[in-house]
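Enquirer: Protein chains in written order, with UniProt numbering: chain A, 1 to 254; chain B, 1 to 215. Idealized CB from N, CA, C, for every residue including glycine. Starting off with a structure, shown below.
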């Protein structure tokens, strides 16, 4: 099964269009919704949720969840990808990819709930770990793809001028794979922001709390503010990822 | 109660939920395909149109599904309507993108030849271009289906149908004997459905690809 989630548009022109259009549209909508929320008559419950401290708190929790997931993904997936492309471990690659693929076919909310029920713990890390597992595949697959597309002759040349295998990996293979890894990381980050809205199911915080509060207490305003903040955050993270792809690739490939 | 005992005793209910889950996803993919292919046909000849359509649909896909679902609740209420709307919106990108790529990838020489032997513009589209683009469109449907399987589970929060309800029942019965069994049955059920549907797509691909371009 090679079909998995990707927000990759497959068109460089559309990517450029989004690079300029997306942040402008996001900021406009966000400003509009916040203006609407803060200028209308709020009742007690709404005031307790729609105020600067509460909104910043939940957004900050959401960012922390996302960052924690992204850090775990990079720390696990990049070395794993490196190992699985070494000649001595190549046999294990299809097995690991199959497991990761099935992991991603599982619903994120199911993994989250299962992990919570299995550990019977709640909080930040109970949300982060299953979400990191869920967001692992794009970076893993792209690391492997990026390392495999490196021209054999470059590796041989590196070895020929006396570089060690580790030197070739660190100074030739990985730098050339960076654009692929960044593309995978962008997808993983978007997945992380999206699934972090589910963290509230296991008391992990984040903007999902506002959506749930608004829904459960029949206060659509709270729901809308939380949902729009989450959407804006996802679009901004995606935009930053696009920017990183443009700016952080190796200079020779730009 | 062991997991298998649980599955055995609730078999009928699980089967119903699985059927509802698959049926919702398949219907929404078909709806997304109808809209996506029409959208693709409308824009594939214009670079600006293709750019805007691709950028918009990929921006929609970036929005967290739980947030979009939440936004739809005040607008559309609970149940089928927000579920279908969210699933169709998320299913669009892969299909629109692949339709545009597939149609744009058709060799100009082939369409020129078809025009040359006197086929109408619509005839060329229906009998040449869409048939050649079909494997790409089908691949888009396959990606959409995989994605919607997971999103449909979240839609149970808005009282949507399917296996998500089993997962959420597990969550709300935390501490009881069957909580883990329920969450596990719901999660594994979605994975199994996803794998089965993926296999069906491979089969459909084999059967419906034009003989001339079959690998």
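Given this structure, state the Cα-to-Cα distance separating residue 158 of chain B from residue 57 of chain A, to the nearest angstrom.
Expert: Going from the Cα of residue 158 of chain B to the Cα of residue 57 of chain A covers about 25 Å.
Enquirer: Name the chain A residues that come within less than 8 Å of residue 37 of chain B, Cβ to Cβ?
Expert: What residue 37 of chain B touches in chain A: nothing, since even the nearest Cβ is about 16 Å away.
Enquirer: Do residue 150 of chain B and residue 95 of chain B have their C-beta atoms closer together than 9 Å?
Expert: In this structure, residue 95 of chain B does not lie closer than 9 Å to residue 150 of chain B by Cβ.
Enquirer: Can you tell me whether DSSP reads residue 43 of chain A as helix, strand or coil?
Expert: Correct three-state label for residue 43 of chain A: coil.
Enquirer: Residue 71 of chain A: buried (16+ other C-beta within 10 angstroms of its C-beta) or exposed?
Expert: With fewer than 16 other Cβ atoms within 10 Å, it is exposed.
Enquirer: Does any residue of chain A bring its CB to less than 9 Å from the CB of residue 149 of chain B?
Expert: Closer than 9 Å to some Cβ of chain A, the Cβ of residue 149 of chain B qualifies, so yes.
Enquirer: Which of the three DSSP states, helix, strand or coil, is assigned to residue 82 of chain B?
Expert: Note: residue 82 of chain B maps to helix in three-state DSSP.
Enquirer: Kindly indicate which residue of A/68, A/42, A/135, A/186 has the alpha-carbon position closest to the one of residue 261 of chain A.
Expert: Given a span of 1 to 254 for chain A in the structure shown, any question on residue 261 of chain A remains unanswerable.
Enquirer: Look up residue 6 of chain B in the DSSP assignment and say whether it is helix, strand or coil.
Expert: Correct three-state label for residue 6 of chain B: helix.
Enquirer: With DSSP collapsed to three states, give me the class of residue 258 of chain A.
Expert: What is shown of chain A runs 1 to 254, which leaves residue 258 of chain A out entirely.
Enquirer: Mind pulling the chain B residues with CB within less than 8 Å of residue 53 of chain A?
Expert: Within chain B, no residue comes near residue 53 of chain A; the closest Cβ sits about 21 Å away, beyond 8 Å.
Enquirer: Three Cβ pairs or more, each shorter than 8 Å: is that satisfied between the segment 171-189 of chain B and the segment 113-125 of chain A?
Expert: Touching, yes.
Enquirer: Using beta-carbon positions only, say whether residue 103 of chain A and residue 134 of chain A come within less than 9 Å of one another.
Expert: Result yes, Cβ atoms of residue 103 of chain A and residue 134 of chain A sit closer than 9 Å.
Enquirer: Flag residue 29 of chain A as yes if its beta-carbon sits less than 9 Å from any beta-carbon of chain B, otherwise no.
Expert: It does not: the Cβ of residue 29 of chain A has no partner Cβ on chain B nearer than 9 Å.
Enquirer: Beta-carbon within less than 8 Å of residue 136 of chain B's beta-carbon, same chain only, minus the 5 sequence neighbours each way: which residues are those?
Expert: Excluding positions up to five away in sequence, the list reads 98, 99, 101, 102, 105.
Enquirer: Mind listing the chain B neighbours of residue 215 of chain A? Cutoff is C-beta to C-beta under 7 Å, in chain order.
Expert: Within 7 Å Cβ-Cβ: 70, 73.
Enquirer: What does residue 65 of chain B reach in chain A if we use C-beta pairs closer than 7 Å?
Expert: 194, listed in chain order.
Enquirer: According to the Cβ coordinates, are residue 67 of chain B and residue 231 of chain A closer than 9 Å?
Expert: Yes, Cβ-Cβ distance for residue 67 of chain B and residue 231 of chain A is below 9 Å.
Enquirer: Reducing DSSP to helix, strand and coil, say where residue 211 of chain A ends up.
Expert: Residue 211 of chain A: helix per DSSP, three-state reduction.
Enquirer: Quick check on residue 86 of chain B - is its C-beta less than 9 Å from some C-beta in chain A?
Expert: By this cut-off, residue 86 of chain B is not an interface position.
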